[in-house]
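The letter at position 31 of the sequence shown is residue 32 when you use this note's numbering, and the numbering goes up by one with no holes. First comes the structure, then the notes that go with it.
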Amino acid sequence: MATTLRSSFHKSEYTFYLLSSIAVALFCILSLVYLSHTNSVATKGYEIKQLREEKKVLQAELSKWNLKLVQTQSLQNLSASSTIQGMKTMKNRIFLQDPSLAYNQ
């Protein structure tokens, strides 16, 4: 009877240590998975922040270029440009009539 109690005690002690070891190993694995996931989320957050800042810079640059484009295309700037000022008006205009054009009869 005593040997049965001892062997049953050793079995329960062995089972306890085995289950404890499995629980600790499972806890360690889950901790590593959680840490990896948290690190991934933090990295993504940092990348998103960087991309938003880059987007702001690019939008400001786009606005600057759009303003410059509008200014160069404005009628005042075009009429005041040296290229336009250097143009001469035509004195003798000749209009050609092309008889080869199709028309309805």
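Note that the Cβ used here is the ideal one computed from N, Cα and C, for glycine as well.
- As the crow flies, the alpha-carbon of Leu20 is around 12 angstroms from that of Phe28.
- Rounded to whole angstroms, the Cβ separation of Ile85 and Leu79 is 6 angstroms, and the two are in contact under 8 angstroms.
- Rounded to whole angstroms, Val34 and Arg53 show a C-alpha spacing of 29 angstroms.
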